[in-house]
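Shown next, in structure tokens, is the structure this report addresses.
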Amino acid sequence: MLHDDAAATSMFRSFTAKPDATPYASLPANIVLGTLNVALTPSAKRSEKLDFTDVVEIDDGLFKDIIWKGLKGENFQVPAPRRSAFVTVSGEDED
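Each residue of the sequence shown is one higher than the one before, counting from 0 in numbering that gives the first Met the number 0.
Structure (structure tokens):
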């Protein structure tokens, strides 16, 4: 389990003793799903050079940069990774 999973809100309230099979009404798509993003940005050009037949070989940092800039824009920098653990800082010295 990743630390993000451990910190996630529990799903126990999503389940009941008796199933609810009430149908729901779906909403129609509000964007055209068949269109492709044909913009040939620098990140798109870098992405074209990647070999997706073996994703293990793709550099994680490069791929993260391509995805980030594809979503946020070419002028946005990928933020530095934040690593955290569930640590509570107390004012006491633990000597």
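Ideal Cβ positions, reconstructed from N, Cα and C, are used throughout, including at glycine.
Query raised in the report: Do you know offhand how far Gly69's Cα is from Arg45's?
Result: Here the question's residue 69 lines up with position 70 in the sequence shown. Here the question's residue 45 lines up with position 46 in the sequence shown. Answer to the nearest angstrom: the Cα atoms are 11 Å apart.
Requested in this report: Determine the DSSP secondary structure at Gly102, reduced to helix, strand or coil.
Outcome: This structure does not reach residue 102, given that the chain is present from 0 up to 94, and the question cannot be answered.
Requested in this report: Confirm, please, whether the CB-CB distance from Val54 to Lys98 is below 9 Å.
Outcome: As shown, the chain starts at 0 and ends at 94. That puts residue 98 outside it, with no answer to give.
Report task. Note down the Cα distance separating Ala7 from Asp19, rounded to an integer number of angstroms. Result -> Mapped onto the sequence shown, residue 7 falls at position 8. Mapped onto the sequence shown, residue 19 falls at position 20. Whole-angstrom Cα-Cα distance: 24 Å.
Query raised in the report: So what's Lys17 in DSSP terms, helix, strand or just coil?
Result: In the sequence shown, residue 17 corresponds to position 18, counting from 1. Reduced to three states, the DSSP call for Lys17 is coil.
Query raised in the report: Between which two residues does the alpha helix (DSSP H) harbouring Arg45 extend?
Result: The residue you call residue 45 lines up with position 46 of the sequence shown. Its alpha helix (DSSP H) spans residues 41-47.
**Report entry** Unbroken alpha helix (DSSP H) run spanning Ala5, endpoints
**Finding:** Position 6 of the sequence shown, counting from 1, holds the residue named residue 5. From DSSP, the alpha helix (DSSP H) with Ala5 extends over 2-6.
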